[in-house]
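Asker:
Numbering (my numbering), first residue to last: 9 to 200.
1. To the nearest angstrom, report how far apart residue 162 and residue 53 are at their CA atoms.
2. Measure the Cβ-Cβ separation of residue 49 and residue 91 and say whether it is below 9 Å.
3. Taking the alpha-carbon positions, what's the residue 132 to residue 188 distance?
4. Could you spell out the range, first to last residue, of the alpha helix (DSSP H) harbouring residue 123?
5. What are the uninterrupted segments assigned as alpha helix (DSSP H) that are 4 or more residues long and contained completely in the segment 43-109, given in chain order?
6. From the DSSP output, in three-state form, read off residue 33 for me.
7. Out of curiosity, what's the CA-to-CA distance linking residue 31 and residue 38?
8. Got a sec, what are the start and stop residues for the beta strand (DSSP E) residue 190 sits in?
9. Starting from residue 142, trace the beta strand (DSSP E) in both directions and tell me its first and last residue.
10. Please classify residue 161: does DSSP put it in a helix, a strand, or coil?
11. How many angstroms separate the CA atom of residue 195 from the CA atom of residue 173?
12. Out of 104, 55, 146 and 64, which has the shortest C-alpha to C-alpha gap to residue 181?
13. Assign residue 128 to buried or exposed, taking buried as 16 or more other Cβ atoms, counted over all protein chains shown, within 10 Å of its Cβ.
14. With a threshold of 6 Å on Cβ separation, who are the neighbours of residue 62 within its own chain once the five nearest residues in sequence on each side are excluded?
15. Using three-state DSSP, classify residue 152 as helix, strand or coil.
16. What number of angstroms, rounded off, separates the C-alpha of residue 112 from the C-alpha of residue 135?
17. Confirm, please, whether the CB-CB distance from residue 169 to residue 137 is below 9 Å.
18. Which value, in whole angstroms, describes the spacing of the CA atoms of residue 93 and residue 44?
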């Protein structure tokens with residue numbers, strides 16, 4: 009195949025300048041979250057999902073000569089509005105803020121943390137999961153196909169509790185982050 013590399017050991021060099029550092033992300037978030045337009049779209053309950061650099065427009069160079077763009081995109085999820093929110097910035101200036109209807113970005117750390125908090129407080133799991141580690145994945149509820157079903161078209165996360173990353177889940181919960189409540193919870197059946 010043309011352009012293919014036979015040696016699996018060949019790797020492209022990472023353009024370190026294109027990767028946002030944690031301090032850059034923190035500065036971008038401060039600027040975005042302080043903007044009135046962003047605050048209005050996010051509402052009272054929201055979570056930060058991710059930030060990344062946008063590629064420069066026009067002719068793109070490769071390798072060590074790649075230009076680094078000052079354009080970035082921040083993605084949030086507004087639980088209040090039940091919509092993803094995209095913020096485009098140049099340096100620390102907000103250029104545009106827009107809702108992204110119908111888009112469910114991957115779960116962020118805040119999504120998982122809130123899901124774990126709600127699951128731990130649920131009466132079906134209280135006292136059973138304190139010594140276990142919580143994990144979360146974005147999901148669509150099995151019974152969420154009809155408009156009147158709990159979790160339909162909401163930001164819903166599947167939370168499991170296990171003894172570390174390699175243990176089988178012991179307990180689970182389906183958490184509707186839009187409504188800020190646990191829909192279902194229980195004990196996992198034993199695995200054989």
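By construction, the Cβ of each residue, glycine as well, lies at the ideal position given by its N, Cα and C atoms.
Answerer: This is what the structure holds:
1. C-alpha separation (whole angstroms): 14 Å.
2. Taking 9 Å as the Cβ cut-off, residue 49 and residue 91 qualify as a contacting pair.
3. 16 Å
4. Segment 117-129, the alpha helix (DSSP H) holding residue 123.
5. 44-50
6. helix
7. Their Cα atoms are separated by approximately 11 Å.
8. Residues 189-195.
9. Unbroken beta strand (DSSP E) run through residue 142: 141-147.
10. coil
11. 18 Å
12. 146
13. buried
14. 77, 79 and 81
15. Low confidence applies to residue 152: its pLDDT is 49, below 50, so where it sits in the model is not reliable enough to give any reading.
16. Each residue's alpha carbon lies about 32 Å from the other.
17. yes
18. Taking the straight line joining both Cα atoms gives about 14 Å.
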